[in-house]
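K.L.:
Numbering-wise (numbering that gives the first Met the number 0), the sequence shown opens with residue 0 and increments by one. I'd like to ask some things about the structure below.
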Amino acid sequence: MQSCRYDVMVFGAHPDDAEIGAGGMIAQEVRLGRKVVICDLTAGEMGSNGDAVQRRAEALASAEVLGVSERLCLGFPDRGLQLCDNQISEIVRVLRDYRPRMVLSPWHGDDHLDHVQAAGLVRAAALNARLRKYGSSEPWTVERVWEYFIHETSANPLLLRLDDEDGAIKQKALRCYLSQFQEGEGTVSTRLHGLLQRLEWRDRYAGSQIGAPWAEGFWQREPLGLYDLRNMLL
Numbered sequence: 000m001q002s003c004r005y006d007v008m009v010f011g012a013h014p015d016d017a018e019i020g021a022g023g024m025i026a027q028e029v030r031l032g033r034k035v036v037i038c039d040l041t042a043g044e045m046g047s048n049g050d051a052v053q054r055r056a057e058a059l060a061s062a063e064v065l066g067v068s069e070r071l072c073l074g075f076p077d078r079g080l081q082l083c084d085n086q087i088s089e090i091v092r093v094l095r096d097y098r099p100r101m102v103l104s105p106w107h108g109d110d111h112l113d114h115v116q117a118a119g120l121v122r123a124a125a126l127n128a129r130l131r132k133y134g135s136s137e138p139w140t141v142e143r144v145w146e147y148f149i150h151e152t153s154a155n156p157l158l159l160r161l162d163d164e165d166g167a168i169k170q171k172a173l174r175c176y177l178s179q180f181q182e183g184e185g186t187v188s189t190r191l192h193g194l195l196q197r198l199e200w201r202d203r204y205a206g207s208q209i210g211a212p213w214a215e216g217f218w219q220r221e222p223l224g225l226y227d228l229r230n231m232l233l
C-alpha cells in the first residue's frame, strides 16, 4: 500500500485563489513542518490585469513566501473549467502522483463560476482517484476534502485558528500579486483592488469569533466527528 507524500494539496481555479482563501492555513501547516503543494488549475490568463506569464511569476514568488514544497499549474483554460472527463482525469493523475492526505478547493457556492467548477472538479477527482478501475495508475484515497472561501463567507464555516505570524505571511504572499491587487497606470479597476485590506478585516473578524488573532473559514460536506471535546476552542 502506498503512503502519502504530502499532507495537504490546495487547488485554486486561478493563481491567488489559494492564498485568498487558505493562505494562513498554508503558512501554519508549513510552520508545523507539514508538506504542502498548491495546484492552480488555470494560469488566470483571462484576468482584467496581468497575463499568464506575469501571473505565473507572481504565483511562484508567493509560493516561496509561503514555503510550500511545490506549485503546479495544469493550464486548463481560464473561464473554461468544465466538469468533463479530460479535466477530471488530469486532476486524478495529480492526486495519484502526489498522494495528499487532504485536499482543498474553492467553495462550491462562490459567485465566480470558475470557483464553482473547480470545487466540482476536485470533488469528482477525489472520488475517482480511489477507484481501482478508473485509469491504469495506482488508486489513491484522499482522507478529507475541505473548501475555502474567496468572495463568500456565509456558509457557517469551520474556523481555523491562526496566529499573528500566519496572518502576516498570508498578507506578504498576497502582496506578490501586484498585477491583481495594486492599481497603477494602465490597469483596469476591479473589485480586487482594496481586497488585501478587506481580507485582513475578514480574517481578524473570524478570529475574534473564536478568541484568536486571525482565523480562516472552511466548509466540509461530510459530518465532522470528534473524539472528545478537549480540543474545541469554544
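Beta carbons are placed, not taken as given, at the ideal position from N, Cα and C, and that holds for glycine. Since the model is a prediction, treat every value here as computed from it, not as a measurement.
For Cys38, which of Asn48, Val52, Val7 has the nearest alpha-carbon?
P.N.:
For the residues Asn48, Val52, Val7, the minimum Cα distance to Cys38 belongs to Val7.
K.L.:
Among residues of its own chain, excluding the 5 on either side of Tyr176, which ones have a beta-carbon nearer than 6 Å to its beta-carbon?
P.N.:
Here the set comprises Asp15, Glu57.
K.L.:
Have a look at Gly119 and Leu80 and give me their C-alpha separation to the nearest angstrom.
P.N.:
One C-alpha to the other measures close to 10 Å.
K.L.:
To the nearest angstrom, how far is the alpha carbon of Asp227 from that of Val102?
P.N.:
Answer to the nearest angstrom: the Cα atoms are 24 Å apart.
K.L.:
Decide yes or no for the touch test of the segment 71 to 79 against the segment 146 to 164: beta carbon pairs closer than 8 Å, at least 3 of them.
P.N.:
Counting Cβ pairs under 8 Å, fewer than three are found: no touch.
K.L.:
Roughly how many angstroms separate the alpha carbons of Gly22 and Arg4, rounded to a whole number?
P.N.:
In a straight line, the C-alpha of Gly22 is about 21 Å away from that of Arg4.
K.L.:
On the CB-based measure, 16 or more other CB atoms within 10 Å of its CB, does Trp145 come out buried or exposed?
P.N.:
So Trp145 ends up on the buried side.
K.L.:
Could you check if Val52 is buried or exposed, using at least 16 other CB atoms within 10 Å of its CB as the buried criterion?
P.N.:
Exposed.
K.L.:
I need the straight-line Cα distance from Leu173 to Leu195, nearest angstrom please.
P.N.:
Near 7 Å, if we compare the C-alpha coordinates of Leu195 and Leu173.
K.L.:
Does the beta-carbon of Asp96 have 16 or more other beta-carbons within 10 angstroms, so that it is buried, or is it exposed?
P.N.:
That one is exposed.
K.L.:
Straight-line CA distance for Arg131 to Glu18?
P.N.:
When rounded, the distance between both Cα atoms is 33 Å.
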